[in-house]
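Mind the numbering: the sequence shown is residues 1126 to 1285 in the working numbering, read in order.
Don't be surprised by glycine CBs; every beta carbon is placed ideally from N, CA and C.
Values in this document were obtained by computation on a predicted structure and should not be read as measured data.
A short write-up of the structure that comes next.
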Amino acid sequence: MDMKPVILIAVILIAGVSAGVYILTATDGNDKTEVKNLNGKNQTTGTARIVATQRGPETARPGSNITVTCKIKNEGKGPAKNVKVLSQDFERSFDVIEAGEEVEFQVQIYIPTEEEVKEDFGENATLSNPFFIGGFSVTYTDLSGKHSLNSNSLEIPLQI
């Protein structure tokens, strides 16, 4: 039996299904996605666009706690769901951050002394100045899928 017609039909079917999926989920560049709901009607829903930032004090002293303010804002046109925030120092989660909504929270971060750094990492270790705090990561889902991003990092000059 010649397999060419069978292969041709399979390729046409796959291309047709792919085109149908693309047409049903294509965006118009306005962060909106059109999908068919369970009743077969077209429904347009926007996608989320999360912006994550953190800010801390102008300066700090070794051996003290500092307050870092973290903000997560949804600048998109749809909700961000199952939002997970993760850092070396903290974790947070939010069920939903609606379009236009901003969530803000504060965390305390300890800045070690030079002696504590040497105890933990060896005699040749030093405390960095400025003190570096890496950005936190955010993952979330919206109508278009799962997304992840990182906030800005911080460099805080130490008063020694």
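| query | result |
| --- | --- |
| Starting from the C-beta of residue 1243, find all residues in its chain whose C-beta is less than 6 Å away, skip the five residues before and the five after it, and write them out in chain order. | 1250 |
| Closer than 9 Å, CB to CB, is residue 1270 near chain C or not? | Any reference to chain C falls outside this structure, which holds one protein chain only. |
| DSSP on residue 1243, reduced to helix/strand/coil? | helix |
| Give the range of the beta strand (DSSP E) segment to which residue 1213 is assigned. | First-last for residue 1213: undefined, no H or E at that position. |
| When we look at the beta-carbon of residue 1332 and count the other beta-carbons within 10 Å, is it buried (16 or more) or exposed? | Shown here, the chain extends from 1126 to 1285; a query on residue 1332 therefore has no answer. |
| Using 8 Å for Cβ pairs, my map puts residue 1257 next to residue 1280. What's the rounded Cβ distance? | 6 Å |
| For residue 1156, collect the residues of the same chain with a Cβ closer than 8 Å to its Cβ; drop the 5 residues on either side in sequence, then sort them by chain order. | Residue placement at residue 1156 is flagged as unreliable, the pLDDT there being 49, under the threshold of 50; a coordinate-derived value is accordingly withheld. |
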